[in-house]
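Notes for the one structure printed next.
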Amino acid sequence: AVGFMGKRVELTPEVALERRVEARLGTTLRDNATVLIATDETGAAIGTVDCIRLEADNNRRAMSPDLPCRVLVRNVWVSPERRRQGLGSALVHAAEEHARAAGVVMVTLEVNWDNTAALQLYYG
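Take 1 as the starting number for the sequence shown in this note's numbering and just add one per residue.
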C-alpha cells in the first residue's frame, strides 16, 4: 500500500483491523452514538450495534430530512464464529428497546443493496 507522501507502508491484517477500529471509534464519538455490546460468558465482545439519536430539527441525513426524532441503527457487527445464531436479531431488538426507553418511536437504518447478509437480517 502507499502511505503518506507516497511512502510505501506494509498493511498487515492486524494494522488494517486496528485502522478500521480507530475509524469506527472516531465516527462513534463524532455522532455521539450509544454502542450496545453483546458479550460471551468470558466477557469478550461478540457483537455490537451503534444507536444514534437524530433530532428532527438538526437532522444530518439528507436522504430523510422530514423524519421525526429517531434512532439510527448503524454498524451491526457479530463475531464471525457467532453468526447465524440469532445474535444479530437480538442486537437489532436491543437497539429498538434502547430507542423505546429513550422515548423515541422511530428506528431507521441504512444498508447497501448488495449486503445480502444484512438484508436477510433486517427482512428476516
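We treat Cβ as the ideally placed atom computed from N, Cα and C, and that holds for glycine.
Among the options, nearest to residue i - alpha-carbon criterion
{"i": "Leu72", "options": "Glu14, Arg20, Ala33", "result": "Ala33"}
{"i": "Glu41", "options": "Val107, Ile52, Val49, Arg82", "result": "Arg82"}
{"i": "Val105", "options": "Val111, Cys69, Arg24", "result": "Cys69"}
{"i": "Asn90", "options": "Tyr123, Ala118, Ala38", "result": "Checking the sequence, you will find Ala at residue 90 rather than Asn. Comparing Cα-Cα distances from Ala90 to each of Tyr123, Ala118, Ala38, the minimum goes to Ala38."}
{"i": "Arg84", "options": "Gly26, Ala117, Leu11, Arg8", "result": "Ala117"}
Cβ neighbour criterion (16 or more within 10 Å) applied to residue i
{"i": "Val92", "result": "buried"}
{"i": "Leu54", "result": "buried"}
{"i": "Gly103", "result": "exposed"}
{"i": "Ile52", "result": "buried"}
{"i": "Leu121", "result": "buried"}
Other residues of its chain near residue i: CB distance less than 8 Å, five sequence neighbours each side excluded
{"i": "Asp114", "result": "none"}
Close Cβ partners of residue i (< 7 Å) along its chain, the five nearest in sequence each way excluded
{"i": "Val35", "result": "Thr28, Thr48, Asp50"}
6 Å CB neighbourhood of residue i in its chain, flanking five on each side removed
{"i": "Ala99", "result": "Val71, Val107"}
{"i": "Ala94", "result": "Leu36"}
{"i": "Ala56", "result": "Pro68, Cys69"}
List in chain order: all unbroken beta strand (DSSP E) runs of 3+ residues lying wholly within the segment 28 to 114.
-> 34 to 39, 45 to 54, 70 to 78, 107 to 109
Cβ pair count under 8 Å reaching 3, the segment 43 to 54 against the segment 67 to 86 = yes
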